[in-house]
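Asker:
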């Protein structure tokens with residue numbers, strides 16, 4: 052089977068969630084074509100999904116060396132470095148990616164997450180807003196922005212972003228938790244109760260939801 056056909060088959064496995072088969076396919080291609088950029092970038096992506104950040108970083112670093120103009124590979128290398136705790140390297144990668152493709156919403160979002168974790172709130176705010184300007188229905192960015200606003204005791208705008216996230220992802224635990232917290236912070240206890248009851252319906256063992264319901268009486 053030609054390398055292109057093997058790659059297509061591996062991508063199909065990857066898309067359908069058959070990660071073992073996809074990984075085997077990517078590695079088979081790389082065994083004979085060690086410099087295949089697409090196989091490297093996709094294998095790195097798969098390793099990120101599995102949380103294997105150390106190997107993902109090595110694979111994606113090689114992909115970037117082969118194709119330094121790939122904004123996607125630079126972004127994924129940033130994710131790998133963040134997973135390893137290499138914040139400065141992750142920031143360099145995200146900024147490099149955005150120079151190559153300033154309209155990549157996901158990169159702004161991931162950069163915002165990094166900045167928020169470094170407690171650089173104003174910069175994180177701008178990154179999340181840049182993401183949402185490009186992709187208004189980016190549910191994760193609404194959640195990230197909500198978390199940032201709530202952390203800074205801005206419960207009302209935080210709740211608005213969580214509400215948008217819930218509208219986009221009605222069963223998202225992160226969106227519902229944020230909406231419940233912000234609603235409670237606004238003194239709307241009955242609304243908060245209903246939100247946390249919804250969380251318990253989705254996950255009967257949800258610790259925070261059960262504890263909050265107990266506190267609300």
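Numbering (our numbering), first residue to last: 52 to 268.
Glycine is no exception: its CB is placed at the ideal position from the N, C-alpha and C atoms.
#1: Would you kindly work out how many angstroms separate the C-alpha atoms of residue 145 and residue 113, rounded to a whole number?
#2: Using only the alpha-carbon positions, how far apart do residue 245 and residue 189 sit?
#3: Rank 58, 96, 66 by C-alpha distance to the C-alpha of residue 82 and give the top, closest one.
#4: Any chance you could list the alpha helix (DSSP H) runs of at least 4 consecutive residues sitting entirely within the stretch 119–160, in chain order?
#5: Measure the alpha-carbon distance for residue 160 versus residue 232 and round it to whole angstroms.
#6: Quick one: what does DSSP say residue 197 is sitting in, helix, strand or coil?
#7: Considering only the alpha carbon of each residue, which of 136, 103, 155, 194 lies closest to residue 125?
#8: Spatial neighbours of residue 117 within its chain, please: C-beta separation below 6 Å, excluding the five flanking residues on both sides.
#9: Report the option in 170, 132, 148 whose CA atom is closest to the CA atom of residue 106.
#10: At the level of alpha carbons, what is the spacing between residue 253 and residue 84?
#11: Where do the N-terminal and C-terminal ends of the alpha helix (DSSP H) with residue 53 fall, by residue?
#12: With DSSP run on the structure shown, which of helix, strand or coil describes residue 72?
#13: Compare the beta carbon distance of residue 92 and residue 111 with 8 Å and say whether it is the shorter of the two.
#14: Should residue 218 be labelled buried (16 or more other beta-carbon atoms within 10 Å of its own) or exposed?
#15: Nearest-angstrom Cα distance between residue 241 and residue 184?
#16: Which value, in whole angstroms, describes the spacing of the CA atoms of residue 250 and residue 170?
#17: I think residue 201 touches residue 179, with their Cβ atoms under 8 Å apart; what is that distance to the nearest whole Å?
#18: State the Cα-Cα distance for the pair residue 99 and residue 234, rounded to the nearest angstrom.
#19: Is the beta carbon of residue 90 closer than 8 Å to that of residue 80?
#20: Suppose the cutoff is 7 Å on Cβ atoms and the five residues either side in sequence are ignored; what does the same chain contact list for residue 141 look like?
#21: Would you mind listing the alpha helix (DSSP H) stretches within the stretch 164–217 that are 4+ residues and don't spill past its ends, in chain order?
#22: Drop a sphere of 10 angstroms on the beta-carbon of residue 215, count the other beta-carbons inside from all chains shown, and report buried for 16 or more, exposed for fewer.
Answerer: Taking the geometry as given:
#1: By one-based count along the chain shown, residue 145 stands at place 94. By one-based count along the chain shown, residue 113 stands at place 62. So the alpha carbons of these two residues sit roughly 17 Å apart.
#2: By 1-based counting over the chain shown, the position of residue 245 is 194. By 1-based counting over the chain shown, the position of residue 189 is 138. About 25 Å.
#3: Reading the chain shown from its first residue, position 31 is the one you call residue 82. Cα-wise, what sits closest to residue 82 is 58.
#4: 122–134, 138–151
#5: By 1-based counting over the chain shown, the position of residue 160 is 109. By 1-based counting over the chain shown, the position of residue 232 is 181. Roughly 22 Å between the two C-alpha positions.
#6: The residue you call residue 197 lines up with position 146 of the chain shown. Of the three classes helix, strand and coil, the one that applies to residue 197 here is helix, per DSSP.
#7: Within the chain shown, the letter at position 74 stands for residue 125. Comparing Cα positions, the closest option is 155.
#8: Taking the first residue of the chain shown as position 1, residue 117 is located at position 66. Excluding sequence neighbours, residue 117 sits near 86, 88.
#9: Walking along the chain shown from the start, residue 106 turns up at place 55. Looking at the Cα atoms, 132 is the closest of the given residues.
#10: Working through the chain shown from its first residue, we reach residue 253 at position 202. Working through the chain shown from its first residue, we reach residue 84 at position 33. Distance between the alpha carbons of residue 253 and residue 84 is about 46 Å.
#11: For the purposes of this step, residue 53 is taken as residue 2 along the chain shown, with counting starting at 1. From DSSP, residue 53 is part of no alpha helix (DSSP H); its letter is neither H nor E.
#12: Within the chain shown, residue 72 is the residue found at index 21, counting from 1. Note: residue 72 maps to helix in three-state DSSP.
#13: Position 41 of the chain shown holds residue 92. Position 60 of the chain shown holds residue 111. It is a contact, given that the beta carbons lie within the stated cut-off.
#14: Position 167 of the chain shown, counted from the start, is the residue given in the question as residue 218. It is exposed - the Cβ of residue 218 has fewer than 16 other Cβ atoms within 10 Å.
#15: As a working note, residue 241 is residue 190 in the chain shown. As a working note, residue 184 is residue 133 in the chain shown. For residue 241 and residue 184, the distance between alpha carbons rounds to 33 Å.
#16: By one-based count along the chain shown, residue 250 stands at place 199. By one-based count along the chain shown, residue 170 stands at place 119. Approximately 28 Å, taken between the alpha carbons.
#17: By 1-based counting over the chain shown, the position of residue 201 is 150. By 1-based counting over the chain shown, the position of residue 179 is 128. No, residue 201 and residue 179 are not in contact; Cβ-Cβ is about 13 Å, not under 8 Å.
#18: The residue given as residue 99 occupies position 48 in the chain shown. The residue given as residue 234 occupies position 183 in the chain shown. Straight-line Cα distance between these residues: approximately 34 Å.
#19: By 1-based counting over the chain shown, the position of residue 80 is 29. By 1-based counting over the chain shown, the position of residue 90 is 39. Yes; because the gap between Cβ atoms is below 8 Å, this pair is in contact.
#20: Within the chain shown, residue 141 is the residue found at index 90, counting from 1. Correct list, in chain order: 129, 132, 133, 165.
#21: 172–185, 190–202
#22: Position 164 of the chain shown, counting from 1, holds the residue named residue 215. Looking at its Cβ environment, which holds 16 or more other Cβ atoms inside 10 Å, residue 215 is buried.
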